[in-house]
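In my numbering, the protein residues as written are 28 to 511. Note sheet for the following structure.
So, in structure tokens, the structure goes:
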């Protein structure tokens, strides 16, 4: 296993020396897809259930199950809140999706999202120290259209088995209604990672990028390219964190958002976009080049690239411009091209480029913090607190133009973030349990270490087998052959 890790960290050196930067980037994408297919097939998915209790003898089943467990049922019946301590509910999250907006692949049918949802569950356990289960549901009605009310009803029915709900890969505009209704009508946190999670981590990266550029968040001009759930929520959270919406312009597939966009005003399902139409782009600028003139920041979450964002757009931005191009699996413009066009800081959603702005550094800590205090919801203040925590943690360990934000391989960022989120939940009055910052940090750190040590123990003892030796070489060959 260690040998494979070393090889993956040196992936760049395995491609032909004469590969151009674009060929190298394409080859990486193909390589990881081929590796993923082979590895998922070999391991038959990524998640399994293992006991958390001992079984010293079969008589113990009289306590773990019947007749003793009757006392657990009646105790929870008399006080539902005890379910968080007498069962695994308080450390269990449901990752719910209808798989209609899976990464950059669109509607993958309900089971098509399982790979992503299991991936989220794996990261939650390994990085956040809590359990999660993937639940991909069919939201289609009799007319064949996806119905947000079916997801809402499903989650409301299932919420009593979980400590929190993580919504994922639900297409817009359904995602807006699903989140907003469930946040208010459920008694546990309901979190849309594509929206709130992306917003949190983007804000964290933006805070540090602005520090490096010497710019104030309340003075910068921001252009948003793409107006889906992610960017619409990013704009809302960034504004709540101090940005001036009047200094921002957002584009969707039909053009710039502004107060004259009757098509958005008339379609009540897109109420979040209409809110932005009324407070951004006050001069009703229509042209992308015009919008980009003098812009300090570009935040793009649109469609996989490259060549979606043009070099000539970046070239007219302000000095020390900041460019976030976070489409998956390929950013809207490759970082090297954005740098050539004059960008000062470039971030993407990928870990094989500098400055990965990815939800993976956010949701494990945020959800852990909410679970620690048995929160009833995750407020926007909690998301902003998490963003500031990530930025602060990153700054303390050192930041520069190609390292603006902590990565998922820095384990202490997650308990630090969890503690800040827990404290904000208490301040916001949505916590069932009080604790100090240090208590929250210590419990989160202990749980995360336990999860990692458990995984290591299983690997070291051969219970989880090492991957086949030819898995890497086969994927590498396919990637090189495809690009040549």
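Glycine included, every Cβ here is placed at the ideal spot set by N, Cα and C.
Item	Value
Applying the criterion that 16 or more other CB atoms from any shown protein chain within 10 Å of the CB defines a buried residue, is residue 217 buried or exposed?	buried
Assign residue 31 to one of three DSSP states: helix, strand, or coil.	Confidence in residue 31 is poor, its pLDDT being 49 and thus under 50, which makes the residue's placement too unreliable to answer from.
Using a Cβ-Cβ cut-off of 7 Å (strictly less than) and excluding sequence neighbours within five positions of residue 150, which residues of its own chain qualify?	387, 391
Which one of 437, 447, 432 has the shortest CA to CA distance from residue 416?	447
Please confirm if the segment 493 to 501 is in contact with the segment 64 to 74, defined as three or more CB-CB distances below 8 Å between the two stretches.	yes
Tell me whether the beta-carbon of residue 325 lies closer than 8 Å to the beta-carbon of residue 351.	yes
Can you give the beta carbon distance from residue 442 to residue 130, rounded, assuming they're within the 8 Å contact cut?	So it is not a contact: roughly 28 Å between Cβ atoms.
With a cut-off of 8 Å, do at least 3 Cβ pairs link the segment 244 to 252 to the segment 261 to 280?	yes
Indicate whether the contact test is met: 3 or more Cβ pairs, each with one atom in the segment 107 to 125 and one in the segment 82 to 94, closer than 8 Å.	no
Using C-beta distances below 8 Å, list every residue in its chain close to residue 46, excluding the 5 sequence neighbours before and after it, in chain order.	54, 510
Between which two residues does the beta strand (DSSP E) harbouring residue 278 extend?	275 to 279
What's the gap between the Cα of residue 313 and the Cα of residue 483?	54 Å
Determine the burial state of residue 421: buried for a count of at least 16 other Cβ atoms within 10 Å of its Cβ, exposed for fewer.	buried
Looking at the structure shown, is residue 119 part of a helix, part of a strand, or coil, going by DSSP?	strand
CB residue 432 to CB residue 413, shorter than 8 Å?	no
So within the segment 229 to 296, which uninterrupted beta strand (DSSP E) runs reach at least 3 residues, ignoring any that extend past its ends?	249 to 252, 275 to 279
Using only alpha-carbon positions, find the residue among 119, 64, 498 that is nearest to residue 142.	64
Got a sec, what are the start and stop residues for the alpha helix (DSSP H) residue 208 sits in?	201 to 212
Apart from the five residues just before and just after residue 208, which ones in its own chain have a Cβ nearer than 6 Å to its Cβ?	179
Buried or exposed, going by whether 16 or more other CB atoms sit within 10 Å of the CB of residue 48?	exposed
CB-CB under 6 Å to residue 381, same chain, minus the five flanking residues each way: which ones, in chain order?	429
Going straight from the alpha carbon of residue 264 to that of residue 162, what length do you get?	28 Å
So for residue 157, helix, strand or coil by DSSP?	coil
Mind checking residue 202: buried by the 16 CB within 10 Å criterion, or exposed?	buried
I need the DSSP call for residue 136, collapsed to helix, strand or coil.	coil
With a threshold of 7 Å on Cβ separation, who are the neighbours of residue 370 within its own chain once the five nearest residues in sequence on each side are excluded?	341, 348, 350
According to the neighbour-count rule (16 or more other Cβ atoms, all chains shown, within 10 Å of its Cβ), is residue 457 buried or exposed?	buried
Starting from the Cα of residue 405, find the closest Cα among 76, 459, 75, 242 and give me that residue.	459
So the alpha helix (DSSP H) residue 192 belongs to, where does it begin and stop?	Taken as a continuous stretch (DSSP letters only), residue 192 belongs to no alpha helix (DSSP H), being part of the beta strand (DSSP E) at 191 to 194.
Could you pull out every unbroken beta strand (DSSP E) segment of at least 3 residues lying fully inside the segment 365 to 424, listed in chain order?	372 to 374
Let me check understanding here. Comparing Cα to Cα, which of 435, 403, 480, 476 lies closest to residue 451?	403
Just to confirm before moving on: does the CB-CB distance between residue 164 and residue 181 stay below 8 Å?	yes
Assign residue 227 to one of three DSSP states: helix, strand, or coil.	helix
Please report how far the alpha carbon of residue 28 lies from the alpha carbon of residue 242, in whole angstroms.	With a pLDDT of only 43 at residue 28, under the threshold of 50, the placement of this residue in the model should not be trusted; the figure read from the coordinates follows. Taking the straight line joining both Cα atoms gives about 44 Å.
Tell me the DSSP secondary structure of residue 341 in three-state form.	helix
From residue 503 to residue 60, what distance separates their C-alpha atoms?	10 Å
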